[in-house]
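In the working numbering, the protein residues as written are 20 to 316. The structure appears below as structure tokens.
In structure tokens, the structure reads:
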């Protein structure tokens, strides 16, 4: 297994996202390891394209920030003897790196990193209030009843392991990775079948659907003028079986059906995921709606 894939699959990306200057960032050395290149090569690529990396994308750590980083992470101990401080890359900076490095690995790894940024941001937004309340309560109780400390640790662990999952969302123009991550979360819930009704499917949609779990069937209903060919379906099935492509023009709206139990209404074609402002909406009464939708295909 490739080194970068091993790191991605082991879930280590989330542990390499730091909060520095009130921003979620990743350090150049960690990114270089994921991209399987030298840190020097990564920073040289940035310097050659410095106009693409304003301060909100990339900044160099101060001496005190570097010292704190070294103190908290053993893997950065070599920085003690470094003549220069490391660089930190924000979510936008990581996205720009994939364009600058121009490699298949960079694109693939950057997508996974962006997913991790999105997941962590959602977790912080959705759990900040309750975690703050529990932290206050923990401190008050701990001062009186130290024996309860273990129970609170279990609560924190549960929050970290089971963050609340979004059921719907509105994505504005430019939120490409946010929309991509949300769609992937839906797809990966499927255990048996994903049915997509979308009149304008292209290869980018198939790429997104390839993230499904092994053994999950994909059935697409799209317009007969779609750009997907029989050869495209054949190649998809050779690696991610099984895809079934059907043609229909009976439905104008777009729907995503998961395991014949859950249905989402999609505001625009998935080929425009994140490029235009639209929404995913979890439909109520899915058990009633799904037969009606499939009957009219």
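All C-beta atoms in this analysis are idealised placements derived from N, C-alpha and C, irrespective of residue type, glycine included. Quick caveat, the model's predicted, so the values are computed rather than measured.
Mark residue i as exposed unless 16 or more other C-beta atoms lie within 10 angstroms of its C-beta, in which case mark it buried.
i           : result
residue 163 : Annotation note: pLDDT 48 at residue 163 (below 50); position unreliable, coordinate value reported separately. With fewer than 16 Cβ atoms within 10 Å of its Cβ, residue 163 is classed as exposed.
residue 234 : exposed
residue 260 : exposed
residue 190 : Note that residue 190 scores 47 on pLDDT, short of 50, meaning its location in the model is unreliable and no value can be drawn from it.
residue 311 : exposed
residue 48  : buried
residue 316 : exposed
residue 304 : exposed
residue 110 : buried
residue 217 : buried
Using the C-alpha atoms, what's the distance from residue j back to residue i?
i           : j           : result
residue 36  : residue 265 : 42 Å
residue 307 : residue 88  : 54 Å
residue 62  : residue 39  : 19 Å
residue 302 : residue 283 : 6 Å
residue 273 : residue 91  : 48 Å
residue 292 : residue 114 : 16 Å
residue 33  : residue 52  : 14 Å
residue 73  : residue 288 : 32 Å
residue 246 : residue 223 : 11 Å
residue 121 : residue 83  : 33 Å
residue 94  : residue 60  : 19 Å
residue 238 : residue 79  : 48 Å
residue 104 : residue 57  : 16 Å
residue 276 : residue 313 : 10 Å
residue 236 : residue 64  : 41 Å
residue 205 : residue 256 : 21 Å
residue 201 : residue 299 : 9 Å
residue 43  : residue 125 : 20 Å
residue 244 : residue 71  : 38 Å
Please name the residue, chosen from the options, that lies closest to residue i on a Cα-to-Cα basis.
i           : options               : result
residue 3   : 214, 231 and 200      : Past the edges of the chain, shown from 20 to 316, lies residue 3, and the structure says nothing about it.
residue 54  : 129, 82, 244 and 45   : 129
residue 220 : 96, 252 and 46        : 252
residue 212 : 243, 263, 201 and 200 : 263
residue 102 : 108, 112, 94 and 86   : 86
residue 106 : 116, 276, 250 and 45  : 45
residue 75  : 285, 41, 126 and 96   : 41
residue 81  : 225, 210, 214 and 98  : 98
residue 226 : 127, 278, 242 and 68  : 127
residue 258 : 271, 269, 229 and 250 : 229
Pull up the DSSP beta-bridge partners for residue i, would you.
i           : result
residue 79  : 106
residue 262 : 237
| request: Tell me the start and end of each unbroken beta strand (DSSP E) in the region 84 to 109 that is at least 3 residues and wholly inside, in chain order. | output: Counting only runs of 3 or more, we get 106 to 108.
| What are the complete beta strand (DSSP E) segments, minimum 3 residues, inside the region 206 to 238? | Fully enclosed beta strand (DSSP E) runs of 3 or longer: 212 to 216.
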